[in-house]
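What follows is a single structure, written as structure tokens, with notes after it.
Residue numbers (my numbering): 1 to 834.
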């Protein structure tokens, strides 16, 4: 057939020359320039490669349509010189020279055939989307070219900066096609529209349709569900104004996809996902309505499994979408958001390698001989934390040896085109005789992780909910009964289940009565790190085996079992702040953990302090991570370990909150002074921990500690020699010359002091002291009313300077007491008897 001219055509001779002479090429060309279809064709016509040319595409729809377009231009059916291959589907023959494939197939081919035999050239298309398989494929191909320099490698992109890619490939040549770009008039909403998206699309169509006299209107929507709703909303208006409404997304039958993209003079309203942004070109588009949203293929942060999430597009994607209206003429673009909203969005999407689960990637690298993924030659290295998490998961799944080498089980997991978690479910299901059920469960989790909701648990009979053990089983049953047969999604689950079943041997079948348990065991094998236990019976609050807590979604059917698997969860804000909400759960039994993961169980036998009983108890506990499976508490026997646990409990509460510390504080000050005066003597530790240890001796509970005399306990801890020294040199009481016995006060951080009536010190030139004169006492000299008239350590100075005036004043107030003029030669009064 005669080819229509495309912007890339003028560059094709240079493409052939670069590939033939240099072996590598980085080609930058605008969307719609024709690179996806023309470059493979010109390389085929020029004989620029031996064997097959593989063209990697980011989506299944783009893979099939690109192959069909090139085959059509060659005048052949797909499967002759041009074929395609996607997961579980291949249209090719021995005559095939150009094979369009989805990204992940290249990695699988390199693992099974590291030399990539029979493939002479590889084209990585739409590299700017930076999907993880493409990044990995680029790095593996660069490594392969060191052994096979004749392997041709072309990287094509619409918007990526070509310089870093060219450097990564050893200064590969760079070619740029500017393409034909016509002006596009861009309009925004003046304010955010809070109506449903389908109503916004209809309003946008009414705004643009009168200005589109010929050509198509292309509407970008997040996914198939939004497309169906918009199709219903716009049908009547579109028909009145001469538009045929056509959906375009990956779940449609091939005929429906072809109708949307096939050139036509009939005006079309094409409702598309982001597949039409770069991967698929629709000719004749005069106007674009951009919702500003995309359902992005991502990974659940919880499980690592693929998932889809609606999120705002980047500024680069918005520019690409608008550009679809300016390929062949001046066009219009209505953005269903404000200009300020666009300004707040990131310039580009974050590469998948910086945010994705890396378990599959690390498993693939182990198979490729790269045991340490950190040393691998990445185009852009992933986060170290993500690599570590992937290694830990693979080790728990049994796929990876401690030295990083691939285990036999790991090699088996590589044979399945699914996440290693799901592969582990398949292997365990096969071993237990439930291969078909395991394949179906893996398909449910792979295609659309089970979500609680209508048709799963809420609409089912209460009795069924009470006995339900798994949201996955519930969805499998619903799909089987047609309850949730929702067109493409349900068909995708069935198709994936059939293909996975073919990869399983299934030599035996479990007895019907055992199959449910066997399947739940298989689910546990794939999620060993997601075990949870209810904090209380029937309560939604969960303790997670990896630490932390979560809340079970009330829509889950798993409302009775105490022990369960948290198969999928999300971080959200709950009534008490941020929380992990488990959306998909499955019941397990404690003995299953012992059967599958005996090395992960810990059998504790230790002494603990019980807050409830206030005593030390012996705790025997069987645990799986932070989840307790069995627990028994008994009173602790007297021992040094028991005393240590009790002492720590005393320290944690603070000594003053356990016992009366007034006498203890005085004794601590007394002992601290003794430690300073007599360092050669051994004294007990005086901090709270040391005192707690003394009080805990021979005891098992706080009640016993509270009954003790702490000062007596502390004195009892002294050696006989230290006790005698303390009593002699730093006594609790002392006798004054007149015979009166007074208490010696010891206060932390202060010198010791005594208090007595002023007359008791008559005849003394110097005040009493301790430790044979080394510690002079502070004297509190009391008037007859027992109030201090002077506090001093200088008794001689007091007699000479202060006593004369005090004598006159106190003599008038207390005439019955002795107030001699010369106190140094007076005698103290004898203490009263009785």
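Ideal placement from N, C-alpha and C gives every residue a C-beta, glycine not left out. Bear in mind that the values here come from a model prediction, so they are computed numbers and not experimental data.
Subject >> Bridge-paired residues (DSSP) for residue 335 >> reply: 188, 290
Subject >> For residue 578, the first and last residue of its enclosing alpha helix (DSSP H) >> reply: First-last for residue 578: 577 to 587, but that is the beta strand (DSSP E), not the alpha helix (DSSP H).
**OP:** Starting from the C-beta of residue 460, find all residues in its chain whose C-beta is less than 6 Å away, skip the five residues before and the five after it, and write them out in chain order.
**Re:** Residue placement at residue 460 is poorly supported in this model, since its pLDDT is 41, which falls under 50; the coordinates still yield a value, given next. Excluding residues within five positions, none has a Cβ falling inside 6 Å.
Subject >> residue 91 versus residue 51: straight-line alpha-carbon distance, rounded >> reply: 17 Å
Original post:
Given residue 636, which residues of its chain have a CB within under 8 Å of its CB, disregarding the five upstream and five downstream residues?
Top reply: 607, 615, 616, 617, 618, 642, 645, 700
Subject >> Nearest residue (CA-CA) to residue 73, options 36, 60, 120, 58 >> reply: 36
Original post:
Among the residues of its own chain, which have a CB less than 6 Å from the CB of residue 32, if the five just before and after it don't count?
Top reply: 281, 327
Subject >> First through last residue of the alpha helix (DSSP H) which encompasses residue 624 >> reply: It is not in any alpha helix (DSSP H) - residue 624 instead sits in the beta strand (DSSP E) that spans 615 to 624.
Subject >> Validate contact between the segment 182 to 190 and the segment 51 to 69 using beta carbons, cut 8 Å, 3 pairs >> reply: no
Subject >> Burial state of residue 84 (16 or more Cβ within 10 Å) >> reply: buried
Subject >> Span of the beta strand (DSSP E) around residue 206 >> reply: Per DSSP, residue 206 belongs to no beta strand (DSSP E); it is in the alpha helix (DSSP H), 197 to 208.
Original post:
Which residue from 229, 102, 358, 42 puts its Cα closest to that of residue 61?
Top reply: 102
**OP:** With DSSP as the reference, label residue 830 as helix, strand or coil.
**Re:** coil
Subject >> Residues bridged to residue 630 [DSSP beta-bridge criterion] >> reply: 622
Original post:
Excluding sequence positions up to five away, which residues of its chain have a Cβ less than 7 Å from the Cβ of residue 444?
Top reply: 450, 472, 475, 476, 493
Subject >> Whole-angstrom distance between residue 681 and residue 675, CA atom to CA atom >> reply: 7 Å
**OP:** Between the Cα of residue 559 and those of 348, 545, 413, 583, spot the shortest distance and give me the residue it belongs to.
**Re:** 583
Subject >> Distance between beta carbons of residue 587 and residue 561, contact taken as under 8 Å >> reply: 4 Å
Subject >> Span separating the alpha-carbon of residue 816 from that of residue 760 >> reply: 16 Å
**OP:** For residue 653, I'd like the list of residues in its chain whose CB is within less than 7 Å of its CB, leaving aside the five on either flank, ordered along the chain.
**Re:** none
Subject >> Same chain, Cβ closer than 7 Å to residue 12, neighbours up to 5 away in sequence not counted >> reply: 38, 42
Original post:
Alpha carbon to alpha carbon, what distance is there between residue 128 and residue 263?
Top reply: 27 Å
**OP:** Kindly indicate which three-state DSSP category residue 731 falls into: helix, strand or coil?
**Re:** coil
**OP:** With a 10 Å radius around its C-beta and 16 neighbouring C-beta atoms as the bar for buried, classify residue 467 as buried or exposed.
**Re:** Here residue 467 scores only 47 on pLDDT, less than 50, and its place in the model should not be relied on; the value that follows carries that caveat. That one is exposed.
**OP:** Just grab the DSSP bridge partners of residue 510 for me.
**Re:** Paired residues: none, contrary to the question.
Original post:
What residues in its chain sit with their C-beta under 7 Å from that of residue 740, if we drop five residues either side in the sequence?
Top reply: 756, 760, 831
**OP:** For the segment 346 to 381, list the alpha helix (DSSP H) runs that are entirely contained and at least 4 residues long, ordered along the chain.
**Re:** 359 to 367
Original post:
beta strand (DSSP E) containing residue 247: first to last residue?
Top reply: 244 to 248
Subject >> residue 804 to residue 825 span [Cα, whole Å] >> reply: 15 Å
**OP:** Between the Cα of residue 527 and those of 394, 124, 819, 65, spot the shortest distance and give me the residue it belongs to.
**Re:** 394
Original post:
Mind checking residue 762: buried by the 16 CB within 10 Å criterion, or exposed?
Top reply: buried
**OP:** Note down the Cα distance separating residue 534 from residue 422, rounded to an integer number of angstroms.
**Re:** 25 Å
Subject >> Residue range of the unbroken alpha helix (DSSP H) whose run includes residue 54 >> reply: Segment 52 to 57 is the beta strand (DSSP E) holding residue 54; no alpha helix (DSSP H) there.
Original post:
residue 671 and residue 683: beta carbons closer than 7 Å?
Top reply: yes
Original post:
Going along the chain, which residues of its own chain have a beta-carbon closer than 7 Å to the beta-carbon of residue 67, five neighbours each way excluded?
Top reply: 78, 82, 83, 84, 100
Subject >> Any beta strand (DSSP E) of 3 or more consecutive residues that is wholly inside the segment 730 to 770 >> reply: 733 to 735, 741 to 743, 753 to 757
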